[in-house]
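Each protein sequence line maps, in turn, to chains B and C. At position 720 of the first sequence (counting the first as 1) the number is 771 in this note's numbering, and the numbers step up by one without a gap. At position 64 of the second sequence (counting the first as 1) the number is 283 in this note's numbering, and the numbers step up by one without a gap. The C-beta atom is built at its ideal place from N, Cα and C for all residues, glycine as well. Remarks on the structure that follows.
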Amino acid sequence: MEMLRFALAGNPNSGKTTLFNALTGSTAHVGNWPGVTVDKREGICKKGSESVQIVDLPGIYSLSPYTPEEVIARNYLLDERPDCIINIVDATNLERNLYLTTQLLEVDIPIVVALNMTDVLEKRGDDIDEQELEKRIGVPVVEISALRDTNVPLLISRAIEAAKTPRGATSVLKASRLYGAIENAEIAFKLAEVDSPLFHAVKLVEGDNLEVETHPKEAQAAKDFLAKNVSRAWEFGSDTEAEIADARYKYICEHFSPTLKRSRPVKKGELTRSDKADRILTHKWASIPLFLVILFAVFHVTFSENFLYLATIIPPFGELCAELSGTTMGAIFFAEGLNSPGAILFYAMDALTASIGNGILSVMESANASAWAVGLVYDGIWGGISAVLSFVPQILVLFLCFSILEDSGYMARVAFILDRLFRRFGVSGRAFMPMIMGFGCSIPAMANTRTLADEKERTATIRVIPFFSCGAKLPILTAISGAIVTFFGIGNAEIITYAMYLAGMGIALISLILMRNTTMRGETPPFIMELPAYHAPRFQNLMIHLWDKLKHYVEKAFTIILVSCIVIWFLSNFGWNWKMAESMNDSILASLGQLIQPIFTPLGFGSQLGSWGWVFAVAAVTGLIAKENVIATFFSLACALLTAAGSGAFSGLESNPELLAELLALLGSGEGSEEGVLEAVAMISATGATVPALLSFIVFNMTTIPCFAAVATAKAELRKGTFKWTLLFWLAASYLASTAVYTIGSWWWTAFIWAAVIAAAIAGVVLYNKKASQKEKRL
Amino acid sequence: MNKLLSEFAIGESGTVVKVTGEGAIRRRLFDMGITPGAHIYFRKKAPLGDPIEITLRGYELTLRKAEAAFVEMKLD
């Protein structure tokens, strides 16, 4: 006998995920619903007399045809026909939750209502007479607490029982004057032997787009019937959709709501604990500063190397930290002070991968493996794996922090606070959070765009996320701005870094406006959203969520990312003769760099830099593995330059012998400097790159194709067909932005040309839009 | 007195008379419980003046003024 299949349906924030986890435990796995990036969770429940399969439908408020979630749930119920629907209902929010129930009742599948959060209700002194409710709804009602795991076995056994007897569809719309039309349509569907005729009939009379499209003949008949028999319905400007929604809520208020006995009447404007929290968290003046503080705290917990500034506040502790950071174990916990949890995990992972790497190296050397084999395994494969693994700890900490904010209900408030600001750029307030996460790491940021309802908004957001310069891009910024200050003796490294961050954000916002007006055109999505009551996040839900993300990331890491890393390693270590190159100078990558060097001329680091100019192109390519590699590449190339041309290679440093001596000492040591400033100085002195060219190089790295790990995430998150355009978009955006930076920096008057070009582009877009909207109107 | 939900002041409350507009937005308003006869309490505005937060049917809902302008209300 085949296993019974139950679908879990309910409103968002009704405790559906918690119930799903309580039912399925460790058997759950996450996939995608076909064609869309909405999570599909499935698992096996063994809590009843027999094992049953549970499918978690997306959280929905209704079975209307507008959001992808609603369409998924609807199609699943109608086409896949589960054996039973477990409808989870939040007892503290009965009316709105039962609205979905009234629609589910119209499908002829057995239903069990799981009345959740009754413990919260009881704490308030209220009570629901569930036996009375069961009688009135006509399907089993089980009081549960998903959180405390109360009555979950009872729920599943009643569902198994219900699944074994067929249930005829029922409707709460019998009193409505539209019911004649519904019955008429139902008969037509019955004759046509369509499943769930009542459901289809109701949707048809509602004028539901999906239904009318699939059953045009019946739709026309229903329309005629309405015109003939219910013409009174139209007299006062009402319509069937409004009338049916209204009838459902009226029925709920009259028949279902009275089963809730309140201990005392609700006073107008009475404040719950959640409301009190909201008085501060969404306060007119305090909310935005508080949001910034929370955001800072998230990044502090993830990245800080001076946690809570303890080392600064308590100097003796700081001295202790400095002392301990010298030891192997101490280096994991202490850097500039006490490390944050994210940083501790980062250094622990670092130490782990380094010791495994050393192990591999010594095993291979003792086995007398040839140089290329050692290179392939140690530098290529293991180098790629550790680059990927090195991101994991901080990605997870960042993920955890944002999951806590999401689960607690705060993220909805962030959208509420910031919606006004972001609407100007054509996205809703929700899009802000993923963008800000981008400052930490693009990978969790891109995955987090799943909270955005609109597909075009989501694509546009994913595309600009890399422009919010991530943690791994910071070394490029500090090294090159440090080198600008050291070599040219101008400016201030912090200010340059800060300005570059701002430039990245500016490019992101401009791109958003452009995209939302052209290729990703669309109305700013409507913003009608529940603000759920705050609650403590569930530990189990958080861990399951994190585990899913980790699994997903590691799967990607060991396929696409690893292969890409090996290819780049091969290109940068082998010459055209298929033998290992003496230095990177002779590699395939170097010659490819020379080939594409002219392309970068408008960006300031192309042909004008002469014979060594290709180093910048090569560094940008190695940056695809991980952006930290850009500076590491500078080091190996500087060493190669020294071998190839002696100290004369750094002719730009002749006037500064001290700096030259320092550089030669560094190159002789065989290990790059901590900040990478000297390596960058070496590149500047060898190529004669100008300040605008260097700034342009930073902007290029910031806005071009991100690291392979982020690219793989983007590919998984984007709709089919948009991925290749996204790659192209990144290339075009970085090329244009860097060219603008270089030309304006070199010849200030070109700013006017850029202004003219931008004005022309805006005019073109406006004109195009006018035409497009005229066309839409005509259609 | 009748006025639009978008014109309400903080602390005012009323009953829904009619929902105008069309398509997805209108349907969404219905699904969230904004149907004729529903009682709405205008709780607050976002720091930048928009969107707004309302209480109805025992829960909190946020929507933009543009969408609230589709809701005709009778002031209590």
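Can you pull the chain B neighbours of residue i, defined as C-beta to C-beta under 7 Å?
{"i": "C:D277", "result": "According to the sequence shown, residue 277 of chain C is Gly rather than Asp. In chain order: N144, E146."}
{"i": "C:G233", "result": "Those do not exist, as C:G233 stays about 12 Å from chain B at its closest Cβ, beyond 7 Å."}
{"i": "C:L282", "result": "F578, I579"}
Could you tell me the distance, in whole angstroms, from the CA atom of residue i to the CA atom of residue j?
{"i": "B:L746", "j": "B:S115", "result": "51 Å"}
{"i": "C:S232", "j": "C:D295", "result": "6 Å"}
{"i": "B:A806", "j": "B:A559", "result": "18 Å"}
{"i": "B:L675", "j": "B:F759", "result": "6 Å"}
{"i": "B:L811", "j": "B:I564", "result": "Looking at the sequence provided, one finds Ala at residue 811 of chain B rather than Leu. Rounded to whole angstroms, B:A811 to B:I564 spans 15 Å at the Cα level."}
{"i": "B:P267", "j": "B:R589", "result": "47 Å"}
{"i": "B:I339", "j": "B:Y461", "result": "13 Å"}
{"i": "B:I516", "j": "B:G219", "result": "50 Å"}
{"i": "B:C521", "j": "B:K186", "result": "57 Å"}
{"i": "B:V192", "j": "B:D259", "result": "29 Å"}
{"i": "B:L693", "j": "B:Y552", "result": "33 Å"}
{"i": "B:I411", "j": "B:D430", "result": "11 Å"}
{"i": "B:Y604", "j": "B:T310", "result": "48 Å"}
{"i": "B:V81", "j": "B:E768", "result": "14 Å"}
{"i": "B:W665", "j": "B:G657", "result": "7 Å"}
{"i": "B:R464", "j": "B:L332", "result": "8 Å"}
{"i": "B:E416", "j": "B:I612", "result": "27 Å"}
{"i": "B:L729", "j": "B:L447", "result": "33 Å"}
{"i": "B:F57", "j": "B:K98", "result": "13 Å"}
{"i": "B:P12", "j": "B:L715", "result": "Past the edges of chain B, shown from 52 to 830, lies residue 12 of chain B, and the structure says nothing about it."}
{"i": "B:E286", "j": "B:K91", "result": "Low per-residue confidence applies at B:E286: pLDDT is 41, beneath 50, and the placement is therefore not dependable, though the value from the model is reported in the following sentence. For B:E286 and B:K91, the distance between alpha carbons rounds to 45 Å."}
{"i": "B:N820", "j": "B:R514", "result": "22 Å"}
{"i": "B:A284", "j": "C:R246", "result": "Low local confidence applies: a pLDDT of 48 at B:A284 is under 50, so the model's placement there is unreliable, with the coordinate-based value given in what follows. Straight-line Cα distance between these residues: approximately 18 Å."}
{"i": "B:G377", "j": "B:M497", "result": "37 Å"}
{"i": "B:K607", "j": "B:A763", "result": "7 Å"}
{"i": "B:L361", "j": "B:F748", "result": "37 Å"}
{"i": "B:I795", "j": "B:A788", "result": "11 Å"}
{"i": "B:S413", "j": "B:W423", "result": "15 Å"}
{"i": "B:L717", "j": "B:E705", "result": "17 Å"}
Which residues of chain C have a Cβ atom closer than 9 Å to the Cβ of residue i, listed in chain order?
{"i": "B:D180", "result": "None at all; the shortest Cβ gap to chain C is about 18 Å."}
{"i": "B:T291", "result": "Correct list: empty, because the minimum Cβ distance to chain C is about 11 Å."}
Thinking C-beta only, is residue j closer than 8 Å to residue i?
{"i": "B:A236", "j": "B:A273", "result": "yes"}
{"i": "B:M753", "j": "B:G555", "result": "yes"}
{"i": "B:S459", "j": "B:H596", "result": "no"}
{"i": "B:A670", "j": "B:F685", "result": "yes"}
{"i": "C:K261", "j": "C:A228", "result": "Checking the displayed sequence, the identity of residue 261 of chain C turns out to be Phe instead of Lys. Their beta carbons are under 8 Å apart, which means C:F261 touches C:A228 by this criterion."}
{"i": "B:I95", "j": "B:T75", "result": "yes"}
{"i": "B:E93", "j": "B:I105", "result": "yes"}
{"i": "B:L359", "j": "B:C372", "result": "no"}
{"i": "B:L55", "j": "B:A252", "result": "no"}
{"i": "B:N202", "j": "B:N148", "result": "no"}
{"i": "B:A197", "j": "B:A73", "result": "yes"}
Would you identify the three-state DSSP class for residue i, choosing helix, strand or coil?
{"i": "C:M292", "result": "strand"}
{"i": "B:C616", "result": "helix"}
{"i": "B:A544", "result": "helix"}
{"i": "B:R209", "result": "helix"}
{"i": "C:S232", "result": "strand"}
{"i": "C:E279", "result": "strand"}
{"i": "B:S196", "result": "strand"}
{"i": "B:K312", "result": "strand"}
{"i": "B:E606", "result": "helix"}
{"i": "C:D269", "result": "coil"}
Show which residues of chain C have a CB atom less than 8 Å away from the CB atom of residue i.
{"i": "B:Y150", "result": "D250, G252"}
{"i": "B:P191", "result": "Going along chain C, no residue has its Cβ under 8 Å from B:P191, so there is no contact; the nearest lies around 24 Å."}
Counting only Cβ pairs nearer than 9 Å, list the residues of chain B close to residue i.
{"i": "C:E291", "result": "Neighbours of C:E291 on chain B: none; closest Cβ ~11 Å, over 9 Å."}
{"i": "C:A265", "result": "T333, K335, S338, F467, I468, L469, D470, R471, G480"}
{"i": "C:E272", "result": "D329, T333, F467, L582"}
{"i": "C:E286", "result": "P577, F578, I579"}
Below 7 Å on C-beta distance, what does residue i contact in chain C?
{"i": "B:S113", "result": "D250"}
Would you mind telling me which residues of chain B sit closer than 8 Å to residue i, beta carbon to beta carbon, in chain order?
{"i": "C:V238", "result": "A293"}
{"i": "C:I244", "result": "P577, I579"}
{"i": "C:A257", "result": "Y300"}
Q) Enumerated in chain order, which unbroken segments of the alpha helix (DSSP H) with a length of 4 residues or greater are wholly contained in the segment 466-532 of chain B? A) 483-488, 493-498, 506-515
Q | alpha helix (DSSP H) segments (min. 4 residues) lying fully within the segment 123-201 of chain B | A | 145-155, 169-174, 181-188
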